[in-house]
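In our numbering, the protein residues as written are 320 to 454.
Ideal Cβ positions, reconstructed from N, Cα and C, are used throughout, including at glycine.
What follows is a set of notes on a single structure, which appears directly below.
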Amino acid sequence: MTYVPNALLSRLVGDRLVAVTFVLDDYLQLQFDAADMNVDAWPRVTHVDRTWTAVDLGYADSLRHLCGATVTSTSERAGDGLRITFDTGEIHIDPTRDEVHVEVAVLTLRPEPGSRHPGEWMCWRVGEDSFEHLR
Numbered sequence: 320m321t322y323v324p325n326a327l328l329s330r331l332v333g334d335r336l337v338a339v340t341f342v343l344d345d346y347l348q349l350q351f352d353a354a355d356m357n358v359d360a361w362p363r364v365t366h367v368d369r370t371w372t373a374v375d376l377g378y379a380d381s382l383r384h385l386c387g388a389t390v391t392s393t394s395e396r397a398g399d400g401l402r403i404t405f406d407t408g409e410i411h412i413d414p415t416r417d418e419v420h421v422e423v424a425v426l427t428l429r430p431e432p433g434s435r436h437p438g439e440w441m442c443w444r445v446g447e448d449s450f451e452h453l454r
């Protein structure tokens, strides 16, 4: 199958962010209505006209406040990484080379109910596709 930027990520549109999990201060798990995303680099989070980074006091709260929000758009572009825009804010995944080692993020869509096939998935890596600028 040919890779098409934003094709899989855009399938989050209409889903709600239902959970945020911090795993051993190592990576972030985002759970949507019909998908799960592991993010191996701390994203920037925009909520209520302010942007937080992982070192900012209130960073975890900014992510928590996005729970229940609906994805309104997504984008995936070389030099800009991944953006997941909600009706109340945005998660922007675009680490520096020093912030990530191999994988930047993995998105797994859950299979349709009753399906005997696994869900679709995408792994974004350093130096590839939307993160080619991190070579």
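Relative to E418, the option among R454, S434 and E431 whose CA is nearest is R454.
Leaving aside the five residues that flank R402 on each side, the residues in its chain whose CB is nearer than 7 angstroms to its CB run, in chain order, T393, S394, E409 and H411.
Between L327 and E431, the gap from beta carbon to beta carbon reaches 8 angstroms or more. Contact between A354 and T427 holds, with the beta-carbon distance rounding to 6 angstroms and staying under 8 angstroms. According to the DSSP secondary-structure assignment, R444 is paired through a beta bridge with E422. Setting aside the 5 residues that flank it on each side, H384 is surrounded in the same chain by H366, each with a C-beta closer than 6 angstroms to its C-beta; the list follows chain order. A direct Cα-to-Cα measurement between T404 and R435 gives close to 31 angstroms.
Taking the Cβ atoms as the reference, V445 lies roughly 6 angstroms from V421, within the contact range of under 8 angstroms. Secondary structure in the segment 355-410: the beta strand (DSSP E) runs of 3 residues or longer, each lying completely within the stretch, are 363-366, 369-371, 390-396 and 400-405 in chain order.
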